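Enquirer: Quick one: this structure, given as structure tokens, is what I'll be asking you about.
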DNA sequence: ATTATAATACCGACTGTTCGGTATGTTTTT
DNA sequence: AAAAACATACCGAACAGTCGGTATTATAAT
């Protein structure tokens, strides 16, 4: 693929992301994407077989980024309870960096309800994260830092809290300082999970 | 309005709900609703001015039911921490009663992102719930059962957890026993909020 | 170095269909 | 008869995707 081609492809993806985020997937027409991107329809269909392919490309791109971010976070985590709280603290960073992309969340979730391919791509990494958290929590239990709860269940709770925060952040960005709420919430949860020193 | 007319209206609403939930709002055509409901297009547009009006009617119906359910729960709550846990326990009931309607959640959230009217109708009651929880938590603090946290923040955390659980319940119904996870999660959270008896 | 060849990248008018909504007419109820 | 409830045929706009063709760039031959 040539330089110009790559640039065209990027233009299409970037524009599509903006439009999907602001108008929604269904409401965004291919013609609209092409016009905003300064690209012809022929170019569009040269690079992508269908509109959905663009969507999937964006989804995978997004998930890959999230994955990387997550990995570095878990790697550099210290003690277990503190590590989890640290993760909540960096949620500040995550929220900030993902601000423009957050509305796409809703699009992904919405589409996943109707398209099995999108569903698989959405659900798999999030189960992955649950397992990942479960591992951390299990470790915390073995270290004696956390109470002997069911790690999978606890992990699901953590993920649920995170999802809920993101959802609120998407729907009502001005409603609160969601990164602070995230930190608070994670602290409450960790306190509830932590072993009592009594 | 006559009996037949009322029945027609109900047919339309019920059918629309099923289709919106399974296919999505955009993907569901008015013609499809009419056909499945055994009603003509004329009848449809006699009862509802637009497709969105049907959607709004469903949304309001849904919210009214949820509101009533919530109200009775809070009224019959005993001590504050136990009251919150009780509410989590009935989430079992909520999940069950809402089973078929859960996918509609996603539709509401998704639509609210693009339609200010839907947004207002969606966001207002949920802010209402947050305030409601905040009141309960404040009361719990005054009673000395809970630590002196910021009630609004804590309430947002509770609501976030609830939202996250619902979202997971929608996207991955078979992934776990979400009513149990809800109970667990609320217990962890309450434990984290509860005053330490040390 | 220049031309020929081929492959890639791109263009934009066009199509068949789908959809929300309307216009007009018919039946049922009061 | 009058009004409410319903039915059917239809409209215009918008849509994803197609297609025949044109630039542009890379590769090969002379």
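Protein chains in written order, with the numbering used here: chain H, 52 to 249; chain P, 52 to 249.
The beta carbon of each residue, even a glycine, is placed where N, CA and C say it ideally should be.
Owing to the predicted nature of the structure, the values given are computational and were not obtained by experimental measurement.
Residue 249/P by DSSP, collapsed to three states: which one?
Expert: In this predicted model, residue 249/P has a pLDDT of only 47, less than 50, meaning its place in the structure is not dependable; the value taken from the coordinates is given anyway. Residue 249/P falls in the coil class under three-state DSSP.
Enquirer: Are any of the Cβ atoms in chain P nearer than 9 Å to that of residue 182/H?
Expert: no
Enquirer: Which residue marks the beginning of the alpha helix (DSSP H) containing residue 93/P, and which one marks its end?
Expert: 92-98
Enquirer: Quick check: what's the CA-CA separation for residue 108/P versus residue 83/H?
Expert: 32 Å
Enquirer: Measuring only the C-alpha atoms, how far is residue 167/H from residue 75/P?
Expert: 14 Å
Enquirer: Alpha helix (DSSP H) containing residue 60/H: first to last residue?
Expert: 54-74
Enquirer: Under 9 Å between C-beta atoms, does residue 126/P make it to chain H?
Expert: For residue 126/P, the closest Cβ of chain H is not nearer than 9 Å.
Enquirer: Relative to the alpha-carbon of residue 87/P, which residue among 93/P, 104/P, 99/P and 67/P has its alpha-carbon at the smallest distance?
Expert: 67/P
Enquirer: Let me know if residue 181/H comes out buried or exposed under the rule of 16 or more other beta-carbons within 10 Å of its beta-carbon.
Expert: Buried, since its Cβ has 16 or more Cβ neighbours within 10 Å.
Enquirer: Compute the Euclidean distance between the alpha carbons of residue 114/P and residue 205/H, then round it to the nearest angstrom.
Expert: 29 Å
Enquirer: Would you tell me roughly how many angstroms separate the C-alpha atoms of residue 164/P and residue 193/H, rounded to the nearest one?
Expert: 44 Å
Enquirer: One question on the structure: do residue 172/P and residue 246/P come within less than 9 Å of each other, judged by their Cβ atoms?
Expert: no
Enquirer: Residue 141/P and residue 124/P look like a contact to me (Cβ under 8 Å); what is the Cβ gap, rounded to whole Å?
Expert: 6 Å
Enquirer: Tell me, which residues are paired with residue 197/H by DSSP?
Expert: 245/H
Enquirer: When we look at the beta-carbon of residue 179/P and count the other beta-carbons within 10 Å, is it buried (16 or more) or exposed?
Expert: exposed
Enquirer: Leaving out the 5 sequence neighbours to the left and right, which residues in its chain are closer than 8 Å to residue 249/P when beta-carbon positions are compared?
Expert: Only weak support exists for where residue 249/P lies, its pLDDT of 47 falling under 50; the value from the coordinates is given anyway. Excluding positions up to five away in sequence, the list is empty.
Enquirer: If we ignore side chains and look at the alpha-carbon of each, how far apart do residue 11/P and residue 244/H end up?
Expert: This structure gives no information on residue 11/P, because the portion of chain P shown stretches from 52 to 249.
Enquirer: Under 8 Å, with one C-beta from each stretch per pair, do the stretch 198-213 of chain P and the stretch 152-160 of chain H reach the 3-pair mark?
Expert: no
Enquirer: Nearest by alpha-carbon distance to residue 146/P: which of 69/P, 120/P, 103/P and 135/P is it?
Expert: 120/P
Enquirer: Anyone know if the C-beta pair for residue 135/P and residue 232/P falls short of 9 Å?
Expert: Not a contact, by the Cβ cut-off of 9 Å.
Enquirer: Fully enclosed by the stretch 154-195 of chain P, which alpha helix (DSSP H) runs are 4 residues long or longer?
Expert: DSSP runs (the alpha helix (DSSP H)) wholly in the stretch 154-195 of chain P: 167-193.
Enquirer: To the nearest angstrom, report how far apart residue 225/H and residue 211/P are at their CA atoms.
Expert: The straight-line gap separating the alpha-carbon atoms of residue 225/H and residue 211/P is approximately 15 Å.
Enquirer: Would you report the Cα separation of residue 214/P and residue 53/H, rounded to the nearest angstrom?
Expert: 46 Å
Enquirer: Sorted by chain position, which residues of the same chain lie with C-beta nearer than 8 Å to residue 186/P's C-beta, five sequence neighbours on each side aside?
Expert: 202
Enquirer: What residue range does the alpha helix (DSSP H) around residue 150/P cover?
Expert: It is not in any alpha helix (DSSP H) - residue 150/P carries neither H nor E in the DSSP assignment.
Enquirer: Using a threshold of 9 Å, state whether the C-beta atoms of residue 236/P and residue 139/P are closer than that.
Expert: yes
Enquirer: Rounded to whole angstroms, how far is the Cβ of residue 239/H from the Cβ of residue 183/P, which I believe are closer than 8 Å?
Expert: Their Cβ separation, rounded to whole angstroms, is 18 Å, which puts residue 239/H and residue 183/P out of contact at 8 Å.
Enquirer: Can you look up residue 230/P in the DSSP assignment and give me helix, strand or coil?
Expert: In this structure, residue 230/P counts as helix in the three-state DSSP scheme.
Enquirer: Leaving out the 5 sequence neighbours to the left and right, which residues in its chain are closer than 8 Å to residue 73/P when beta-carbon positions are compared?
Expert: Taken in chain order, the residues that qualify are 154.
Enquirer: Any beta carbon from chain H within less than 9 Å of residue 138/P's own beta carbon?
Expert: It does not; no Cβ of chain H falls within 9 Å.
Enquirer: Give the interface partners of residue 77/P over in chain H, defined as CB-CB distance under 7 Å, in chain order.
Expert: Within chain H, the residues near residue 77/P are 77.
Enquirer: Compute the distance between the beta-carbons of residue 234/P and residue 97/P, then report whether it is under 9 Å.
Expert: no
Enquirer: Can you check whether the C-beta of residue 52/H is within less than 9 Å of a C-beta belonging to chain P?
Expert: no
Enquirer: DSSP three-state label for residue 225/H, please.
Expert: In the structure shown, residue 225/H sits in coil (DSSP, three-state: anything other than H, G, I, E or B).
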